[in-house]
Structure formats: structure tokens, C-alpha cells
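Participant: Handing you this structure, nothing more for now.
Chains as they are written, first to last, in the numbering used here: chain S, 264 to 490; chain L, 86 to 402.
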């Protein structure tokens, strides 16, 4: 039971907003010690796992390209493009992207076709903001922040509730492997079919929220304009 | 054969050049903190495969000290002003989107077509890592196109990359740190302990109670671990298989598929899923929890939907 102290450290650390890097280091130390490991062993286990997880951080190799594109006005261009499309609203744009992302993830192209650094920051977020400004005029900062957060959220929801429809995604393979260890053989196709109802519901729920977002943006812009 | 190791070396060179540019940035009072942070990360990518586990652990500890105790400064490398950006954007027109789409396009084509490509009778690249290798390839091609077309100074990609890297700051390594914490949790038996608590103290006497506990347990445990992959084996071994499948004769495929998705609802709500929820907020210059706040009102109804879907489907097929 003592090993659960690490979880308590994580929860507490995030609640009182200590720097997460420190929280994680302390949680790892506490957990390891509670399980009877010595400090050297814990550092080695942690170092090995960190090294083997470098693929998580390697996506930041896109930063020089994204930075260069911003230097040459990519975000501005994205805004100009959206401002010209009269029918483009923030909610329509984000709903379209949500669906696109779900479908791409469902055919196994999640990491190839989107992402926070590659698409959301340079393209999707500025477009979503520009669509709102085109319709409602200048927006207060909190509305800008709200729209940006929703651009990031559309990307996440799209990937999470699309990728499990793809047969060869890690989570499906993990399920298959785990059940096999327990003597149950399942086909990946059967698993991915049962991810479809949730994917549809995710699109409906999040899409509805995005429609409501449009009203909120309009309201906040009108309120800021009246002040 | 091109492997992930080559992409790591490329990443190491990028972080290394950001480190050098940081050290030379006299405008940043904490420039040596930035230089040390990006330099150590570069070392991890360049030499991590050749260091011992303990040495890699010390390297992480150094990163934690620099990032955790605020030794990183915000840099402001020279870039274009918004007015200049508008002027350039108007001049270049929609062609500007072309290089932006090179990375996803190459990653897409590579994933689809390069998997079994051969060169001189040997495989061209490691088929298991085809997407990440294609991503690296896309970055190289996009850089070449941009440099040839717009002819910025040779240092521009480094300085622009540094601008964004310092925007993300210490959160750059947060997802990788959490993955490593997951390994320590696993080695210490945290999962088994959680499963033990769930089965000992929770009411599981009816099919609905079992489904309820399993789905909420997946979401909560995923929120704690930041990853449904860590939660799934624990919750399924503790509740899913013995109760839903064996005792109440539910369908194992439906339970597993929807159970995993219940976990994903938890992932929408937690700072522990840092690459989705925290790095994105840093990239967009938002409050740390802004993206999570935008996602929670979707996560909760969707969890309820998963719970009901499982309850109405799992005992029917």
C-alpha cells in the first residue's frame, strides 16, 4: 500500500502547482523507496525509461520549420485566408477539423496529419481566431485564449476518439496482447468496430459544444464592445 | 538502413544548436540555464543510447534541477514584427501554405509507401518506426525548401526554433518524464495495489455496479497515470475479466474496446497527459490548465455515454 504514496505526491503536487518536473522526480523517488529500491536503483530505472521514451520528445524537431514559417507570416496568411471565407465561423472550422482528425486517425494517420506543434499553433488556432474576428470584430484577450484552447482541444478529442477505430494502433494491440496473456484470443477488427459508437458520440457531444462556443464568443465580443 | 537513432541524432543536433545560440544570447539574464537545459537534452538524444541507465538517470536529474528550480529564462530572439509578417504574407500569398504542408504530406506518404521500400537489396528504413522517420524526412525537406525559396540567414532556423523551444520551456520534457514515472510505478507494483483497493472496498455485486466501477476506474486511473495504457491491464485484471466477463458473462471484446475509451475520457482531464494537455497550452501561450478546462465538459458526458454503451451492449452479445 505504501507504493501508493507516489500517486498522492503527484495529485498533491499538481493541486498546489509545484513545478511538475519536481513533482514527478519526488513521486518516482517516494514510490521506489516504498517498494524497497535504493536511490541508485531508482535513478537507473528512471534513466532507462526516460531514454527509451525519447520518441515522445523527438516530435519537437518540427520547431525550426514552424518558427521559420511564422517568421514569414504563416499565421497572418492563415488569418487572411479565413477572413476571406465569409461562411467560415469558428465553430464550423473546428467541427470540420474535429471530423477530419477523427477520420484520419481512424485510418491510421493520426501522427502524420495533425498535432499541436505542426497544425494547431501555426494554422488552426490563428484561423479559428480570425474567423471570430471577421464576424464579431475585435475580441477581448480572454476570448482569444478561449478559442485557442478549443483549437487544441479539437485536435485532442479528434485523435483520442478516432485512433481506436484503426486496427494497428498501440491501444488495440495492447488490448489484444493483454487478453492473449489471459488465454483469450480476439481479433483487432472486432475491437476496432466497437470503438465506432463512442467515436460518433464524441463527435456529437464535442460538436454541440463547439456550436455553443460560437454563441459564447459572440456574447463576449458584444459585451467587450459595449464597455 | 535509416532507424529512429538517426532521427535522434538529428534532434540532438537541433537541440545542440539551440543550446549554443542560448549561450550567446546576452539579452537573456539566465542564458546559461537555457544553454545547459537544451545542451543536456541534446546530449540525451546524441549519446543516450551509449550511456548507462544510471548515467541517463543523472542526466534527467540535472534537467529536473534546471527546469524545476526556474533556471530557464524566456528568450526573445530577433524575428519579424507583426507588421512585417502581414506584408510578407500578403506578398507571398497562399504559396506560404505549401512548405507548411510538406511535413504532414511527407509523413503521410512515408507512412503509406516507404514501409517496405528497399535500397540495394536492404530495407531502406526501420518499418516499425516509419512515421517518426518520415516526420524527420519531412522536416529536412521543408527546411531545404524554405531556405532555398526565402533565403533567410543560415542561423534563422536555429533562432526561430529557439524562440518556440523557449516558449514551451521545461514542459518540453514533461511528457517524457511522465512516461518514465510510469515505468517506476510499474516496477514498484502500483497497479496491483490500486486493483487490490478497488476490489476490496468497492461494491461490485451487480452487473451495473461492475460496469460503473470499471469505467470510472479506467478514467480515474488514466487521469492519475496520464495514460490509458497503464490503467487498462490493472483495471481489466482486477474488475473487467473476473466480474464483467466471468461472473456476469459479458462480452470480452466490447468490454475491452469501450473500457479503453473510458480511459481516454480520463486522459482529456489530466495534466499528466502532458503532451496533449500541457505542451499544447504552452505552445499557445495559455494558462497551464486552459486546454484541460476546454475538454472537461466533453470528457464527463462522454464517460457517461461509454458507461451506458458498455452496460447496454456488453451483456447482449
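Where is the CB? At the ideal position from N, CA and C, for every residue including glycine.
If you're wondering where the values come from, they're calculated on a predicted model, not measured in any experiment.
State the Cα-Cα distance for the pair residue 126 of chain L and residue 100 of chain L, rounded to the nearest angstrom.
Facilitator: Rounded to whole angstroms, residue 126 of chain L to residue 100 of chain L spans 7 Å at the Cα level.
Participant: Who are residue 210 of chain L's beta bridge partners in DSSP?
Facilitator: Answer is L/87, bridged to residue 210 of chain L.
Participant: From the beta carbon of residue 379 of chain S, is the nearest beta carbon of chain L less than 8 Å away?
Facilitator: Yes, its Cβ sits closer than 8 Å to a Cβ of chain L.
Participant: Taking the alpha-carbon positions, what's the residue 434 of chain S to residue 369 of chain L distance?
Facilitator: When rounded, the distance between both Cα atoms is 28 Å.
Participant: Any beta-carbon of chain S closer than 8 Å to the one on residue 284 of chain L?
Facilitator: No, because no Cβ of chain S sits closer than 8 Å to the Cβ of residue 284 of chain L.
Participant: With a threshold of 8 Å, are at least 3 pairs of Cβ atoms found where one atom belongs to the region 131-143 of chain L and the other to the region 161-172 of chain L?
Facilitator: Taking 8 Å as the limit for Cβ pairs, the verdict is that the region 161-172 of chain L does not touch the region 131-143 of chain L.
Participant: Name the chain S residues whose beta carbon is nearer than 8 Å to that of residue 123 of chain L?
Facilitator: Ordered by position in chain S, no residue passes the 8 Å Cβ test against residue 123 of chain L, which lies about 11 Å from the chain.
Participant: Which same chain residues end up closer than 6 Å to residue 384 of chain L when comparing Cβ atoms and leaving out the 5 residues on each side of it in sequence?
Facilitator: Answer for residue 384 of chain L: 350, 353, 354, listed in chain order.
Participant: What residue range is occupied by the uninterrupted alpha helix (DSSP H) comprising residue 370 of chain S?
Facilitator: Premise fails: residue 370 of chain S is in no alpha helix (DSSP H) and is neither H nor E.
Participant: Opposite residue 203 of chain L in the DSSP bridges: which residues?
Facilitator: For residue 203 of chain L, which the question treats as bridged, DSSP gives the partners L/208.
Participant: Residues in the region 128-139 of chain L with C-beta within 8 Å of chain S's C-beta atoms, listed in sequence order?
Facilitator: Those would be 129, 130, 133, 134, 136, 137, 138, 139, in chain order.
Participant: Which class does residue 485 of chain S belong to by DSSP, given the choice of helix, strand or coil?
Facilitator: The answer is helix: DSSP assigns residue 485 of chain S an H, G or I state.
Participant: Under 8 Å, Cβ to Cβ, is there at least one residue of chain L near residue 347 of chain S?
Facilitator: By this cut-off, residue 347 of chain S is not an interface position.
Participant: With a CB to CB cut of under 6 Å and the five nearest residues on each side skipped, what residues in its chain are close to residue 387 of chain L?
Facilitator: Hits under 6 Å: 350.
Participant: Among L/113, L/221, L/248, whose alpha-carbon lies nearest the alpha-carbon of residue 324 of chain S?
Facilitator: Ranking the options by Cα distance to residue 324 of chain S, first place goes to L/221.
Participant: Do residue 138 of chain L and residue 295 of chain S come within 8 Å of each other at the CB atom, strictly closer than that value?
Facilitator: Result no, Cβ atoms of residue 295 of chain S and residue 138 of chain L do not sit closer than 8 Å.
Participant: Between which residues of its own chain and residue 420 of chain S is the CB-CB distance below 7 Å, once the five residues before and five after are set aside?
Facilitator: The residues are 361, 465, 469.
Participant: Among residues of its own chain, excluding the 5 on either side of residue 417 of chain L, which ones have a beta-carbon nearer than 8 Å to its beta-carbon?
Facilitator: The structure shown has nothing for residue 417 of chain L, since chain L only spans 86 to 402.
Participant: Residue 235 of chain L to residue 471 of chain S, Cα distance in whole Å?
Facilitator: Taking the straight line from one Cα to the other gives about 42 Å.
Participant: Give me the chain S residues within the contact set of residue 292 of chain L, using Cβ-Cβ distance strictly less than 8 Å, ordered along the chain.
Facilitator: Going along chain S, no residue has its Cβ under 8 Å from residue 292 of chain L, so there is no contact; the nearest lies around 18 Å.
Participant: Can you list the alpha helix (DSSP H) stretches of 4 or more residues lying completely in the region 278-305 of chain S, in chain order?
Facilitator: Whole alpha helix (DSSP H) segments, 4+ residues: 283-297.
Participant: Using a Cβ cut-off of 8 Å, pull out every chain L residue sitting near residue 332 of chain S, in sequence order please.
Facilitator: Simply 181, 184, 185, 231.
Participant: Please state if the CB of residue 94 of chain L and the CB of residue 121 of chain L are separated by a distance shorter than 8 Å.
Facilitator: No, they are not a contact pair.
Participant: Using a Cβ-Cβ distance under 8 Å, would residue 240 of chain L count as near chain S?
Facilitator: So no, residue 240 of chain L is outside the interface.
Participant: Just to check my reading of the structure: residue 272 of chain S and residue 290 of chain S have Cβ atoms closer than 8 Å, yes? What is that Cβ distance to the nearest angstrom?
Facilitator: At roughly 4 Å, the Cβ-Cβ gap stays under 8 Å, so residue 272 of chain S and residue 290 of chain S are in contact.
Participant: Under 8 Å by Cβ, that's how I've got residue 269 of chain L and residue 322 of chain S pegged, so tell me the actual separation to the nearest angstrom.
Facilitator: About 23 Å separates the two Cβ atoms, so there is no contact after all.
Participant: If I'm right that residue 283 of chain L touches residue 328 of chain L with Cβ under 8 Å, what's the distance once you round it to whole angstroms?
Facilitator: In fact, because the Cβ distance is near 10 Å, the residues do not count as touching under 8 Å.
Participant: Secondary structure at residue 358 of chain S, three-state DSSP: helix, strand or coil?
Facilitator: Residue 358 of chain S: helix per DSSP, three-state reduction.
Participant: Is residue 262 of chain L close to chain S? Criterion is C-beta to C-beta, closer than 8 Å.
Facilitator: At least one chain S Cβ lies under 8 Å of residue 262 of chain L.
Participant: With residue 171 of chain L as the anchor, note down where its alpha helix (DSSP H) starts and where it stops.
Facilitator: Note, residue 171 of chain L: alpha helix (DSSP H), 167-177.
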